[in-house]
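Numbering (my numbering), first residue to last: 14 to 151. Cβ coordinates follow ideal geometry from the N, Cα and C atoms, glycine included. Notes to accompany the following structure.
Structure representation (structure tokens):
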């Protein structure tokens, strides 16, 4: 028996909430074409890279875009297709898992550059010393 409009709205609302991925696990494998990608492992490797090289960031962004397209496809299935509750639950679970992966991939390449932070602290300290010196003269 297909889900009704009220249930459909509930599933779509659940998918669109900002905190919908809290506590959600990334699925172990995700099908890409005819192959299965070890999604959980790949996301973990990409998102924990301390100083990722450009090609790692490019791969992470490409995977993120692929997952976002799949999430949109899953949302469209809920929105337009006649699915039963069991299928809607599976779609929701998959979409939330993929959203969690997208969130984790979003941090790749955005780590704090500690060298820049250290330079800024040095500049602030130099300015303080200069101000102290000028106060001593006046």
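Let me check understanding here. Comparing Cα to Cα, which of 101, 117, 59 and 144 lies closest to residue 18? 101
Looking at residue 16 and residue 97, is the spacing between their C-beta atoms short of 8 Å? yes
For residue 45, which of 26, 75, 94 and 93 has the nearest alpha-carbon? 75
Kindly indicate which three-state DSSP category residue 44 falls into: helix, strand or coil? strand
For a test of the three-state rule: what should DSSP assign to residue 15, helix, strand or coil? When DSSP states are grouped into helix, strand and coil, residue 15 belongs to the strand group.
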